[in-house]
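Remember, the working numbering sits 7 above the position in the sequence shown when you count from 1. Beneath this line is the structure, given in structure tokens, with notes to follow.
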Amino acid sequence: MARRRIGGPGGGSEPGPGKKKKQAGVVITATVAVSIGLGGASVESSVTVTRPSTTSGNASTSSERSSLEISTEDFKSAEVRLARRNLRINGHFQSDGATCAEHAYGEVRDFFRHRPCTALHRAQFQIGDKQGDVILVAVSWVQMPNVNDAAAYKQLVDTYGTGNITELSRESGRYRTVRYTGVRYISSIDGAVIANAQAEPVARGAAGIALATIINNSVL
């Protein structure tokens, strides 16, 4: 199977030939499938959800789900699937309103300055095994005003070196210095809602390489 270059200092990926569009509901599931093959005897799960004070910008039509509906469903489904694995899980979900430009970097930030989103939701999973190895998984859901803007955003964020939505772990906590390479990256589109997820092993030694291999085999 042909390999494709994904991620790098600017984030984003260079799509490979014949890559099929995935449904939003499987984005996190595919990315956090890093748990496959890891050992352990018990699961510790801690998940926090920060909900928006209003639903402004999240309204959906009868034929299209809102970003809040999609992101909440994705987050909960991923947490349930991860809880079935022998891993320690700490997840956090938050809604940021229509503040995509304020929570983005690179060309993606410039894009949102000219074409604002209507809603942004982000999630962070910290996944560990009994040996103390840790993988971070960052997920974002962006709702655009229309499907054309949504398609334009997805095309940009999927392109190597263009940036991304700022990962929650880079804004607070003990892993602020960890940079996402984009090597393990996946995205999807559902109407005007675009989701993307990135996984990054914290360890850089032999354990980190092994975890990275598992992620690659599970995601790409």
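Even for Gly, the Cβ is constructed at its ideal location relative to N, Cα and C.
For Met151, the closest of Gly168, Gly113, Val209, Phe118 by C-alpha to C-alpha distance is Phe118. Under DSSP, the beta-bridge partners assigned to Ile201 are Val149, Ile196. Proximity of the segment 160-174 to the segment 106-117 meets the contact definition, three or more beta-carbon pairs being nearer than 8 Å.
Counting C-beta pairs with one atom in each stretch, the segment 96-103 and the segment 121-141 have three or more that are closer than 8 Å, which means they touch. Note on geometry: alpha-carbon atoms of Thr166 and Lys137 lie some 36 Å from one another. DSSP, reduced to helix, strand and coil, places Ala130 within a strand of the structure shown. For Glu109, there is no enclosing alpha helix (DSSP H), as DSSP marks it with neither H nor E.
Annotated three-state conformation of Arg120 is helix, per DSSP.
The continuous alpha helix (DSSP H) containing Leu163 extends over residues 154-164.
Around Cys124, the same chain offers Ala105, Cys107, Val149, Gln150, Met151 as residues with beta carbons nearer than 7 Å, after the five sequence neighbours per side are excluded.
Around the C-beta of His121, fewer than 16 other C-beta atoms lie within 10 Å, and the residue is accordingly described as exposed.
Relative to the Cα of Asp103, the nearest Cα in the group Leu75, Val185, Arg186, Ala158 belongs to Leu75. Excluding the 5 residues flanking it on each side, Arg177 has same chain C-beta neighbours closer than 6 Å at Arg183, in chain order. The closest CA to that of Thr188, considering only Gln162, Asn153, Ala199, Ala145, is found on Ala145.
DSSP places Asp140 outside both helix and strand once states are collapsed to three, so it counts as coil.
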